[in-house]
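Protein chains: 2
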Amino acid sequence: MNGADRLCETLLANDIDVCFANPGTSEMHFVAALDRRPQMRCVLGLFEGVATGAADGYARMADKPAATLLHLGPGLANGLANLHNARRARTPMLNVVGDHATYFLKHDAPLTSDIESLARPMSQWVGYIGSAAEVEARTSEAYRAAMRMPGVATLILPADAAWGDVPSDRPPVRTTLPDLAAASTQAVRNAAETLRSQRRVALLLTGQALRAHALEIAGRIADATGARLLMQTSNGRVQRGAGRVVIGSVPYSVDAALEALHDVDAMIVVGAKVPVAFFAYPGKPGLLVREDCEIVDLARPGEDLVQALAHLADELGIKANTPVSVSPGFTDDATLPRGPLTDEAVAFTVARMLPEHAIVCDESITAGASFFRHSQHAAPHDYLRITGGAIGIGIPLAAGAAVACPDRKVVALQADGSGMYTVQGFWTQARENLDVVTIVFANRSYAILQGEMRNVGVEHFGSNAKRMLSIDEPTLDWVSMARGMGVDGGRATTVEEFRTLLEAALKQRGPFVIEAVV
Amino acid sequence: MNGADRLCETLLANDIDVCFANPGTSEMHFVAALDRRPQMRCVLGLFEGVATGAADGYARMADKPAATLLHLGPGLANGLANLHNARRARTPMLNVVGDHATYFLKHDAPLTSDIESLARPMSQWVGYIGSAAEVEARTSEAYRAAMRMPGVATLILPADAAWGDVPSDRPPVRTTLPDLAAASTQAVRNAAETLRSQRRVALLLTGQALRAHALEIAGRIADATGARLLMQTSNGRVQRGAGRVVIGSVPYSVDAALEALHDVDAMIVVGAKVPVAFFAYPGKPGLLVREDCEIVDLARPGEDLVQALAHLADELGIKANTPVSVSPGFTDDATLPRGPLTDEAVAFTVARMLPEHAIVCDESITAGASFFRHSQHAAPHDYLRITGGAIGIGIPLAAGAAVACPDRKVVALQADGSGMYTVQGFWTQARENLDVVTIVFANRSYAILQGEMRNVGVEHFGSNAKRMLSIDEPTLDWVSMARGMGVDGGRATTVEEFRTLLEAALKQRGPFVIEAVV
Numbered sequence: 001m002n003g004a005d006r007l008c009e010t011l012l013a014n015d016i017d018v019c020f021a022n023p024g025t026s027e028m029h030f031v032a033a034l035d036r037r038p039q040m041r042c043v044l045g046l047f048e049g050v051a052t053g054a055a056d057g058y059a060r061m062a063d064k065p066a067a068t069l070l071h072l073g074p075g076l077a078n079g080l081a082n083l084h085n086a087r088r089a090r091t092p093m094l095n096v097v098g099d100h101a102t103y104f105l106k107h108d109a110p111l112t113s114d115i116e117s118l119a120r121p122m123s124q125w126v127g128y129i130g131s132a133a134e135v136e137a138r139t140s141e142a143y144r145a146a147m148r149m150p151g152v153a154t155l156i157l158p159a160d161a162a163w164g165d166v167p168s169d170r171p172p173v174r175t176t177l178p179d180l181a182a183a184s185t186q187a188v189r190n191a192a193e194t195l196r197s198q199r200r201v202a203l204l205l206t207g208q209a210l211r212a213h214a215l216e217i218a219g220r221i222a223d224a225t226g227a228r229l230l231m232q233t234s235n236g237r238v239q240r241g242a243g244r245v246v247i248g249s250v251p252y253s254v255d256a257a258l259e260a261l262h263d264v265d266a267m268i269v270v271g272a273k274v275p276v277a278f279f280a281y282p283g284k285p286g287l288l289v290r291e292d293c294e295i296v297d298l299a300r301p302g303e304d305l306v307q308a309l310a311h312l313a314d315e316l317g318i319k320a321n322t323p324v325s326v327s328p329g330f331t332d333d334a335t336l337p338r339g340p341l342t343d344e345a346v347a348f349t350v351a352r353m354l355p356e357h358a359i360v361c362d363e364s365i366t367a368g369a370s371f372f373r374h375s376q377h378a379a380p381h382d383y384l385r386i387t388g389g390a391i392g393i394g395i396p397l398a399a400g401a402a403v404a405c406p407d408r409k410v411v412a413l414q415a416d417g418s419g420m421y422t423v424q425g426f427w428t429q430a431r432e433n434l435d436v437v438t439i440v441f442a443n444r445s446y447a448i449l450q451g452e453m454r455n456v457g458v459e460h461f462g463s464n465a466k467r468m469l470s471i472d473e474p475t476l477d478w479v480s481m482a483r484g485m486g487v488d489g490g491r492a493t494t495v496e497e498f499r500t501l502l503e504a505a506l507k508q509r510g511p512f513v514i515e516a517v518v
Numbered sequence: 001m002n003g004a005d006r007l008c009e010t011l012l013a014n015d016i017d018v019c020f021a022n023p024g025t026s027e028m029h030f031v032a033a034l035d036r037r038p039q040m041r042c043v044l045g046l047f048e049g050v051a052t053g054a055a056d057g058y059a060r061m062a063d064k065p066a067a068t069l070l071h072l073g074p075g076l077a078n079g080l081a082n083l084h085n086a087r088r089a090r091t092p093m094l095n096v097v098g099d100h101a102t103y104f105l106k107h108d109a110p111l112t113s114d115i116e117s118l119a120r121p122m123s124q125w126v127g128y129i130g131s132a133a134e135v136e137a138r139t140s141e142a143y144r145a146a147m148r149m150p151g152v153a154t155l156i157l158p159a160d161a162a163w164g165d166v167p168s169d170r171p172p173v174r175t176t177l178p179d180l181a182a183a184s185t186q187a188v189r190n191a192a193e194t195l196r197s198q199r200r201v202a203l204l205l206t207g208q209a210l211r212a213h214a215l216e217i218a219g220r221i222a223d224a225t226g227a228r229l230l231m232q233t234s235n236g237r238v239q240r241g242a243g244r245v246v247i248g249s250v251p252y253s254v255d256a257a258l259e260a261l262h263d264v265d266a267m268i269v270v271g272a273k274v275p276v277a278f279f280a281y282p283g284k285p286g287l288l289v290r291e292d293c294e295i296v297d298l299a300r301p302g303e304d305l306v307q308a309l310a311h312l313a314d315e316l317g318i319k320a321n322t323p324v325s326v327s328p329g330f331t332d333d334a335t336l337p338r339g340p341l342t343d344e345a346v347a348f349t350v351a352r353m354l355p356e357h358a359i360v361c362d363e364s365i366t367a368g369a370s371f372f373r374h375s376q377h378a379a380p381h382d383y384l385r386i387t388g389g390a391i392g393i394g395i396p397l398a399a400g401a402a403v404a405c406p407d408r409k410v411v412a413l414q415a416d417g418s419g420m421y422t423v424q425g426f427w428t429q430a431r432e433n434l435d436v437v438t439i440v441f442a443n444r445s446y447a448i449l450q451g452e453m454r455n456v457g458v459e460h461f462g463s464n465a466k467r468m469l470s471i472d473e474p475t476l477d478w479v480s481m482a483r484g485m486g487v488d489g490g491r492a493t494t495v496e497e498f499r500t501l502l503e504a505a506l507k508q509r510g511p512f513v514i515e516a517v518v
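Chains as they are written, first to last, in the working numbering: chain A, 1 to 518; chain B, 1 to 518.
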């Protein structure tokens, strides 16, 4: 058995059985080892950003990491933007990056680069496998880091560690995971005391605290104490819709966020980061809560967030079977809009037509901003969003979620500017026949940037600004691009056309693209 | 005047008047400053790898850097693979990477990352602009580094350095460039002595030594001494074809390279790297020359390679006006092949039909391997190749070369697997109406990797290997993808169809894609 075989065996022993891959020559022994193990599902992306974005979507839904297989520094570099998003989502992921043989690095061959320097900014953990004998231990460490940091673990596999002989042939041992650390008793008491005070308190949640069962506990706390439930602006996954506890999110825009958080005297954070602006603006604060807002840490990332909420409820004397306020679902008979298609009409229509237990992948940026509001009472669904602001995650994220949950419909809300970043992901959706309907908001501009340009005081765009902030001239034909990659699609310019296309797409299985001209 | 204005002025003072851009919010003040200067040509890429690859192609042809405008760590990350190629080509380039305002970094906002750690592996020079007052000096340093290292200079521009006031309003001073360092007299003498010895000597060239006038000097040396002329496997640009000095290149495959270099007793390197294998293979050497081959450094990268050759010729007593052996052009009346299209037929046909002074951008990998041989006596042309092995450069490289040389036809030879990496580049070709004909070798596989898989001893591919090394199922429709981005195209399955399409594409102006099904 060689090191590459050992790596595969160690992954499989830990139930990692999906590998999003884009291999090169230095990974050929690993490819050969994967080929000897048909129980490992290898999913090819035609660009590494597709592989890493899909691994993110997969793990958000499967609650376990996928492996990725990336080719040296440049292959890793191509995947970094989506690793950045995964790092911010704290998604467990295990990247295997091939490197030149250890003894070969001195030659500084054309593809040589400093892989660790590239990996570190976008990984919670980085490890180098010095030899075949080290493969099992290092892979086990990487798995533990991915599951318990939790986050992105990047393992560098030199070619000679892959092809070298492993001394022992005993099967790899399943990695023991330590229990999640518990929030401290003192933290629970502090949070309870804060909630019992007369101040206006918000609970800020993220991570596992946004799953339905955790939100029920948080909802009972809110019902009992009058605290507000909030989640970060960007989260990996939240379970919401009819029958689920309703939770708002911190707005993206600085002014709206300041307004929304102005009356918060104390904020209890549950695995979350205290809200800060996405960007600095001259004369505007970075911190979005009031300077005198008290921050109470209930639990930190890597701690057991769900248990922390349960302990907090206990401390407050709230029984586990207390009924909790949830979304009643849509209670009106709103008629769908008609006529020319708009962002708002798309968001409204998708929310109303969303199938039960759909997975919504949202990289609609400005265009789909109203979807979150419209879908508060939609059919119960999982909502996955771009987390790190690195655009180009939507198409791959949807692919990965669909690999993890083959029996659920994935509905991807996709801005056109961002969609172009990893448009190659459609091909993977076609090859794997993934059940994804992608709705492209074709506004033919970087609309968010046009707004930001006005924010810096430029009202009238000259030629250079127009050419950098618009993506018309020529118009992108999404149906043609998707068909070129084996995904069928249609174009809608009216609400009626959009609705007809969406109905058909939701009924069929397999990928479909709707270009919504808005 | 703010820092961003100062940056633009400093770039323009140094004749940098093209910016390949993909901006984000943190770069809005820079965008506004560019917008105030219509003399700066801003070219938008729909992905940062397009911007960096195009900047590489531009500078290879213009012999001066373009600027790029990249958005924070993830934007830089997306451009890194093509920066890797540019670094290996030693292409002068000046990247401007926006960062959060200096005082804002402490908030660790979603898009925060360690930009320096990402930049360093793929840049010859990295600098951080601490404030608006530093903009001119740092930009000047970056320009000098780009021109004189030469190579990739990456400048990190925090938002507050962009929007901050610059104390002085005097116009920026043009940066003084030191003369290129001269090769040492001793190095020239050593090289001459080597050439006068009875040993079999090769001159290994790269960089400026591959321009027509430098090759004439090298050719005279070869004619006079019997030395062999060789260039590196991968070079940024070489001027070749009819009327030019003929030069071979070190083969890519280890076995072929060992064979080709076996009889070389001494190698005089002119800005080049001693040949090493692209990858390590068990039991094969990394160094491609014999262990006892003497290496004689005539000139190092960053030294004046052309002058070094001229001094060497002087030292050997060769007169500057001595006639030199050059390619006579095609001397046969070879008829074009007929019938089903093959790699070989495409390469042969393109070589025979190549227009005078075309720029050939070659990322054909395995499929176009024979083009180099077939085009030895083609019409005079510039030949630009992928240099660092990071695939996804072809489409952007062609775009950048076309921006630099609007009066020359660009012929891009593109492998399909690599082409998908930065397929978004077609849109930039369409928007700028660039005169590029792209020939996609649609072999529907990572053919090079299938060969490498056999090299590691796997003859029969299982399902996983097939799924990772083939890109059929579904078949990519290049004509449909290109049209979706505003570039017209056609598909050829026979030599006759191919020839008809190529003839038409060469006659028209503007981008065109030919899918050559091989």
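Each residue gets a CB set at the ideal place from its N, CA and C atoms; glycine is no exception.
- What are the residues of the stretch 418 to 444 of chain A that lie near chain C, defined by any Cβ-Cβ distance shorter than 9 Å? The structure shown contains no chain C; its protein chains are A and B.
- Message: My output table needs one value for Met-267(A): the three-state DSSP class, helix, strand or coil.
- Response: DSSP, reduced to helix, strand and coil, places Met-267(A) within a strand of the structure shown.
- Please state whether DSSP places Leu-177(B) in a helix, a strand or coil. In the structure shown, Leu-177(B) adopts coil according to DSSP, grouped into three states.
- Item | Residue span of the beta strand (DSSP E) that contains Cys-19(A), given as start and end | Counting along the chain, the beta strand (DSSP E) containing Cys-19(A) begins and ends at 18 to 21.
- Message: So if I threshold CB-CB distances at 8 Å, which residues from the stretch 248 to 263 of chain B count as touching chain A?
- Response: Listed by position along the chain: nothing, the set is empty.
- Item | Contacting positions in the stretch 265 to 298 of chain A - beta carbon closer than 8 Å to chain B | Contacts with chain B (Cβ-Cβ distance below 8 Å) from the stretch 265 to 298 of chain A involve Lys-273, Val-276, Ala-277, Phe-278, Phe-279, Ala-280, Pro-282, Gly-286, Leu-287, listed in chain order.
- So, helix, strand or coil for His-84(B), using DSSP? Look at His-84(B) here: in three-state DSSP terms it is helix.
- Item | Per DSSP, the bridge partner or partners of Leu-229(A) | Paired residues: Leu-203(A).
- Minimum C-alpha distance to Met-28(A) - residue among Ile-439(B), Arg-483(B), Asn-464(B), Ala-192(B): Answer by Cα proximity: Asn-464(B).
- Task: Just the chain B side, please: which residues come within less than 7 Å of Arg-483(A) by C-beta, in chain order?
- Result: Simply Asp-477, Ser-480.
- Query: In the stretch 73 to 93 of chain B, which residues sit with their C-beta less than 7 Å from some C-beta in chain A, listed in chain order?
  - Reply: Within the stretch 73 to 93 of chain B, those residues whose Cβ lies closer than 7 Å to any Cβ of chain A are, in chain order, Gly-73, Pro-74, Ala-77, Asn-78, Leu-80, Ala-81, His-84, Arg-88.
- Span separating the alpha-carbon of Cys-42(A) from that of Thr-154(A): Each residue's CA atom was taken as its position, placing Cys-42(A) and Thr-154(A) some 18 Å apart.
- Item | Other residues of its chain near Val-152(B): CB distance less than 6 Å, five sequence neighbours each side excluded | Result list for Val-152(B): Leu-83, Ala-86, Arg-87, Met-93, Ser-123, Gln-124, in chain order.
- Any Cβ of chain B within less than 7 Å of the Cβ of Glu-473(A)? Yes, Glu-473(A) counts as interfacial toward chain B.
- Determine the direct distance from the alpha carbon of Met-453(A) to that of Phe-461(A), and round the result to whole angstroms. Rounded to the nearest angstrom, the two C-alpha atoms are 9 Å apart.
- Query: Do Thr-10(B) and Glu-136(B) have their C-beta atoms closer together than 7 Å?
  - Reply: Taking a C-beta distance under 7 Å as the contact criterion, Thr-10(B) and Glu-136(B) qualify as a contact pair.
- Query: Taking any Cβ of chain A, which residues in the stretch 2 to 25 of chain B have a Cβ under 9 Å from it, in chain order?
  - Reply: Residues passing the 9 Å Cβ filter: Cys-19, Ala-21, Asn-22, Pro-23, Gly-24, Thr-25.
- Task: Give the DSSP-derived three-state secondary structure of Gln-239(A) in the structure shown.
- Result: Three-state DSSP puts Gln-239(A) in a strand.
- Message: Considering only the alpha carbon of each residue, which of Gln-232(A), Asn-95(A), Tyr-143(A), Glu-315(A) lies closest to Arg-189(A)?
- Response: Residue Glu-315(A) is the option with its Cα nearest to Arg-189(A).
- Task: Quick one: residues in its chain with C-beta nearer than 6 Å to the C-beta of Leu-261(A), no 5 flanking neighbours on either side, listed in chain order?
- Result: Closer than 6 Å at the Cβ level, and outside the excluded window around Leu-261(A), lie Leu-288, Val-289.
- Item | Own chain, CB closer than 6 Å to Tyr-421(A), minus 5 neighbours either side, in chain order | These residues qualify, in order along the chain: Ile-391, Gly-392.
- Whole-angstrom Cβ separation of Gln-424(A) and Phe-47(A), contact assumed at under 8 Å? Here Gln-424(A) really is in contact with Phe-47(A); their C-beta atoms are around 5 Å apart, less than 8 Å.
- Message: My parser needs the beta strand (DSSP E) runs of 3 or more residues fully inside the stretch 377 to 417 of chain A; what are they?
- Response: List check, beta strand (DSSP E) in window: 381 to 385, 410 to 415.
- Ala-280(A) - DSSP class collapsed to helix/strand/coil: Taken through DSSP and simplified to helix, strand or coil, Ala-280(A) comes out as coil.
- Query: In whole angstroms, what separates the C-alpha of Ala-310(B) from that of Gly-302(B)?
  - Reply: So the two alpha carbons sit approximately 16 Å from each other.
- Task: Could you work out which residue in Gly-130(A), Thr-342(A), Thr-102(A) is closest to Thr-494(A) when comparing CA atoms only?
- Result: The residue from Gly-130(A), Thr-342(A), Thr-102(A) with its alpha-carbon nearest to that of Thr-494(A) is Thr-342(A).
- Task: Output yes or no for whether 7 Å exceeds the beta carbon distance between Arg-499(A) and Thr-335(A).
- Result: Their beta carbons are not under 7 Å apart, which means Arg-499(A) does not touch Thr-335(A) by this criterion.
- Message: Just verifying my parser: in three-state terms, what is the DSSP assignment at Ile-221(A)?
- Response: Ile-221(A) falls in the helix class under three-state DSSP.
- Query: Val-50(A) and Leu-72(A) look like a contact to me (Cβ under 8 Å); what is the Cβ gap, rounded to whole Å?
  - Reply: With a Cβ gap of about 17 Å, Val-50(A) and Leu-72(A) do not count as contacting.
- Item | Whether Leu-195(B) touches Val-201(B) by CB criterion (7 Å) | By the CB criterion at 7 Å, Leu-195(B) and Val-201(B) fall inside the cutoff.
- Item | Cα-Cα separation between Asn-455(A) and Val-18(A), rounded to whole angstroms | Taking the straight line from one Cα to the other gives about 44 Å.
- Per-residue contacts from Met-468(A) into chain B (C-beta, under 7 Å): The answer, in chain order, is Ala-21, Pro-23, Val-31, Cys-42, Leu-44.
- Item | Straight-line Cα distance separating Asp-15(A) from Leu-173(A) | Leu is not the amino acid found at residue 173(A); the sequence shown has Val there. One C-alpha to the other measures close to 12 Å.
- Message: If you follow the beta strand (DSSP E) that His-100(A) is in, where does it begin and where does it stop?
- Response: Counting along the chain, His-100(A) sits inside no beta strand (DSSP E), nor does DSSP assign it H or E at all.
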